[in-house]
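Read the structure below first, then the notes.
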Amino acid sequence: MINIAILGFGVVGSGTCEVLSKNADIIKKRIGEEIYVKKILDLRDFPDSPYKDRVTHDADEVFGDPDIKVAVETIGGASVAYEFTKRALSAGISVVTSNKELVSTHGPELIKLAKDNNCVYLFEAAVGGGIPIIRPLYKCLAANNILKIAGIVNGTTNYILSSMKNEGISYEDALKEAQKKGYAEADPTADCEGIDAQRKIAILSTIAMDGKYCNPESVHAEGISKLTTDDIALAKALGCELKLIAFFRNNGDSSASAYVAPHFVSRECMLADVEGVFNAVLVEGDYLGEAVFYGRGAGSYPTASAVAGDVIEACCKGSVDMSLRAWDDSVSVFKDYDDIKSDFIVYSKTEDVASVFADAKVLEAEGIKAVIVSAVSEKELADKIAGKSGIGYKHYLK
Ligand code: HSE
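In terms of the numbering used here, the sequence shown opens at residue 55 and continues consecutively.
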């Protein structure tokens, strides 16, 4: 029997207990041993839970117990969770988490701490919820150069943008509706300002660059709070969908680019049809070509599915190849946003934008003049149209 502990018995922590318990038989068949939740560390009591007898408020009962091999950190945030994760790993207890804030900010230190103590720090659930994406990137695609990642990695904002489009409502009304349905939090800042997506693309980018650490703070993040129904209508007129895209590119010269911004996504792109709370991550590898990982990016059960998968992986440590590379934060290969060249659609109802961007591809659209401007930084673009009124632009994903 392998004993584990749950740190934080909220929606994901309790969901993980449920998956491990309801599917205990098949898990035992697969790994040859039973996984038993021995302790649940939380400030609260859960008198109605079948696990109530295992709840403790005393961290020493978990980190001082030599029988506990794996801890599931589902506390969230980067303060208590950070301290508990360090305590667990220092004691040789593997840690599994869905905490993208902690992984993206302290990943280099925590992965090293795990290796130094002969245990593992796993975080499949931190990006894309239940969608397998972390392990496929560093294991299944290990023979590829990862050239590009474009992800819809935040369900709240994708839900809001879908509602704005399908119901013709404003950002504010769509946000209220998302809050009422429990998709958006009371404080929507992290989701709607692109911070959640910034953390997630920082994690994916680090893995895609073989552990060369992408600090989320260096990733430009623009959210959706300034988008209007006019932007949605414009996207439609241009044959595109308006999506919040978290983007990574390996520039092929030892540098990389990562940013989060609203994009006009061409209808030809596999991300165009991703609606509502769903997530999708498009990965391009030099030998793979393009593949899309699609599914539920949040919610108790999908996230618990990924967490429980990591628990099983951590329990099998030693019998499987743990090839998650160390994260190196000694130098950054990630470019400043002002130096990142990407593609934009530039549009105007009044100005002849084709004459401003002579070499750009002209788009045919009713009531609007638009061009695709390739390989330009946002700063260069803004400088070029400075002083010309009535011209707007958005990032473009083909
Ligand atoms: N707030 C996140 C989202 C939850 O809306 O996608 C999952 O990370």
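A virtual CB, placed ideally from N, CA and C, is assigned to each residue, including glycine.
Following a CB-centred definition, is Ala352 positioned closer than 7 Å to any heavy atom of the ligand HSE? Reading the sequence shown from its first residue, position 298 is the one you call residue 352. Checking every heavy atom of the ligand HSE against the Cβ of Ala352, one is found closer than 7 Å.
Best match in Thr70, Val273, Ile187 and Ile422 for proximity to Tyr391 [C-alpha to C-alpha]: If you number the sequence shown from 1, residue 391 lands on position 337. Here the closest residue by C-alpha is Val273.
Just checking my contact of Phe3 with Ile399 at CB under 8 Å: how many whole Å lie between their CB atoms? Residue 3 lies beyond the stretch modelled for the chain, which goes from 55 to 452, so this question has no answer here.
Cβ of Asn208 versus every heavy atom of the ligand HSE: is any distance shorter than 7 Å? The count along the sequence shown starts at 1 and reaches residue 208 at position 154. Correct: Asn208 has its Cβ closer than 7 Å to the ligand HSE.
Contact set for Ala228: own chain, Cβ-Cβ below 7 Å, skip 5 residues either direction: To locate residue 228, count along the sequence shown from 1; it is residue 174. So the list reads Ile214, Ser217 and Met218, once near-sequence residues are dropped.
When you compare the CB positions of Lys280 and Lys154, do they come within less than 8 Å of one another, or not? Counting from 1 along the sequence shown, the entry for residue 280 is found at position 226. Counting from 1 along the sequence shown, the entry for residue 154 is found at position 100. Taking 8 Å as the Cβ cut-off, Lys280 and Lys154 do not qualify as a contacting pair.
Return the first residue and the last residue of the beta strand (DSSP E) that Ala310 is part of. Start at 1 with the first residue of the sequence shown, and residue 310 comes out as number 256. It spans Ala310 to Ser320 - the beta strand (DSSP E) in which Ala310 sits, taken as one unbroken run.
Hey, is Gly183 close to the ligand HSE, as in C-beta under 7 Å from one of its heavy atoms? If you number the sequence shown from 1, residue 183 lands on position 129. Checking the Cβ of Gly183 against the ligand HSE gives yes.
When you measure from the CB of Asp241 to every non-hydrogen atom of the ligand HSE, does any distance come out below 7 Å? Reading the sequence shown from its first residue, position 187 is the one you call residue 241. No, the beta carbon of Asp241 sits no closer than 7 Å to any heavy atom of the ligand HSE.
Inter-residue spacing [alpha-carbon to alpha-carbon] between Leu61 and Glu178: Translated into positions along the sequence shown, residue 61 becomes position 7. Translated into positions along the sequence shown, residue 178 becomes position 124. Using only the alpha carbons, I get a separation of about 17 Å.
Could you have a look at Ser428 and say whether DSSP puts it in helix, strand or coil? Residue numbering aside, residue 428 sits at position 374 when the sequence shown is read from its first letter. The answer is strand: DSSP assigns Ser428 an E or B state.
Beta strand (DSSP E) runs wholly inside the segment 257-307, at least 3 long, in chain order: 294-304
Measuring CA to CA, which of Gly441, Asp102 and Ser259 is closest to Asn199? Here the question's residue 199 lines up with position 145 in the sequence shown. Of the candidates Gly441, Asp102 and Ser259, the one whose C-alpha sits nearest the C-alpha of Asn199 is Ser259.
Where does the unbroken beta strand (DSSP E) through Asn333 begin, and where does it stop? Position 279 of the sequence shown, counting from 1, holds the residue named residue 333. That run of the beta strand (DSSP E) goes Phe332 to Gly339.
Out of Phe388, Ala232 and Cys294, point me to the one whose CA is closest to Glu322's CA. Position 268 of the sequence shown holds residue 322. Closest by alpha carbon: Cys294.
Check whether the Cβ atoms of Leu325 and Leu451 lie closer than 8 Å to each other. Here the question's residue 325 lines up with position 271 in the sequence shown. Here the question's residue 451 lines up with position 397 in the sequence shown. Contact: yes.
With respect to 7 Å, is the separation between the Cβ of Asp383 and the closest non-hydrogen atom of the ligand HSE below this value? Here the question's residue 383 lines up with position 329 in the sequence shown. Checking every heavy atom of the ligand HSE against the Cβ of Asp383, none is found closer than 7 Å.
Span separating the alpha-carbon of Pro186 from that of Asp121: In the sequence shown, counting from the first residue as 1, residue 186 sits at position 132. In the sequence shown, counting from the first residue as 1, residue 121 sits at position 67. Near 29 Å, if we compare the C-alpha coordinates of Asp121 and Pro186.
Beta-ladder partner(s) of His449, from DSSP: Stepping through the sequence shown from its first residue, residue 449 is reached at position 395. BP columns for His449 point to His317 and Phe398.
Could you check whether Val346 and Ala358 sit closer than 8 Å to each other, using their CB atoms as the reference points? Along the sequence shown, read from residue 1 onward, the residue named residue 358 stands at position 304. Along the sequence shown, read from residue 1 onward, the residue named residue 346 stands at position 292. No. Outside cutoff.
Go to Phe117, then tell me how far its alpha helix (DSSP H) extends in each direction, as first and last residue. For the purposes of this step, residue 117 is identified with residue 63 of the sequence shown, where counting begins at 1. Where Phe117 is concerned, the enclosing alpha helix (DSSP H) stretches over Ala113 to Phe117.
So Thr151 is in the beta strand (DSSP E); what residue range does that whole segment cover? Residue 151 sits at position 97 when you count from the first residue of the sequence shown. Note, Thr151: beta strand (DSSP E), Ser148 to Thr151.
CA-to-CA distance, Leu167 to Met376, given in whole angstroms: Along the sequence shown, read from residue 1 onward, the residue named residue 376 stands at position 322. Along the sequence shown, read from residue 1 onward, the residue named residue 167 stands at position 113. Its pLDDT being 46, under 50, Met376 is placed unreliably in this model, and the coordinates cannot settle the point.
Does the distance from the C-beta atom of Leu292 to that of Leu435 stay below 8 Å? Locating residue 292 in the sequence shown gives position 238, where the first residue counts as 1. Locating residue 435 in the sequence shown gives position 381, where the first residue counts as 1. Against a cut-off of 8 Å, the Cβ pair of Leu435 and Leu292 comes out as no contact.
Let me know if Met55 comes out buried or exposed under the rule of 16 or more other beta-carbons within 10 Å of its beta-carbon. The residue you call residue 55 lines up with position 1 of the sequence shown. Met55 comes out exposed.
Sort Ala256, Ile223 and Asn208 by Cα distance to Ala238 and report the nearest one. Within the sequence shown, numbered from 1, the residue matching residue 238 stands at position 184. Here the closest residue by C-alpha is Asn208.
Does the separation of the CB atoms of Asp99 and Val109 fall below 8 Å? Along the sequence shown, one-based indexing puts residue 99 at 45. Along the sequence shown, one-based indexing puts residue 109 at 55. It is a contact, given that the beta carbons lie within the stated cut-off.
Runs of beta strand (DSSP E) lying entirely within the segment 70-129, each at least 3 residues, in chain order: 89-95 and 122-127
Short of 6 Å in beta carbon distance, which residues of its chain neighbour Ser373, apart from the five on each side in sequence? Order them along the chain. Residue numbering aside, residue 373 sits at position 319 when the sequence shown is read from its first letter. The predicted position of Ser373 is uncertain, since its pLDDT is 45 and thus under 50; a value taken from the coordinates is nonetheless stated next. Nothing listed; no residue qualifies.
What are the start and end residues of the alpha helix (DSSP H) that includes Phe347? The count along the sequence shown starts at 1 and reaches residue 347 at position 293. Counting along the chain, Phe347 falls outside any alpha helix (DSSP H), though it belongs to the beta strand (DSSP E) covering Gly343 to Arg350.
How is Asp382 classed by DSSP in three states: helix, strand or coil? Here residue 382 corresponds to residue number 328 of the sequence shown, with the count starting at 1. In the structure shown, Asp382 sits in a strand (DSSP, three-state: E or B).
How many Å lie between Asn305 and Asp114 at the Cα? Taking the first residue of the sequence shown as 1, we reach residue 305 at position 251. Taking the first residue of the sequence shown as 1, we reach residue 114 at position 60. Those two C-alpha atoms are separated by around 47 Å.
Is it true that the CB of Ile257 sits closer than 8 Å to the CB of Ser158? Here the question's residue 158 lines up with position 104 in the sequence shown. Here the question's residue 257 lines up with position 203 in the sequence shown. The answer is yes: Cβ separation under 8 Å.
Beta-carbon within less than 7 Å of Cys370's beta-carbon, same chain only, minus the 5 sequence neighbours each way: which residues are those? Walking along the sequence shown from the start, residue 370 turns up at place 316. So the list reads Ile85, once near-sequence residues are dropped.
Could you please give the first and the last residue of the uninterrupted beta strand (DSSP E) stretch that includes Lys389? Taking the first residue of the sequence shown as position 1, residue 389 is located at position 335. Run containing Lys389: none; DSSP gives neither H nor E here.
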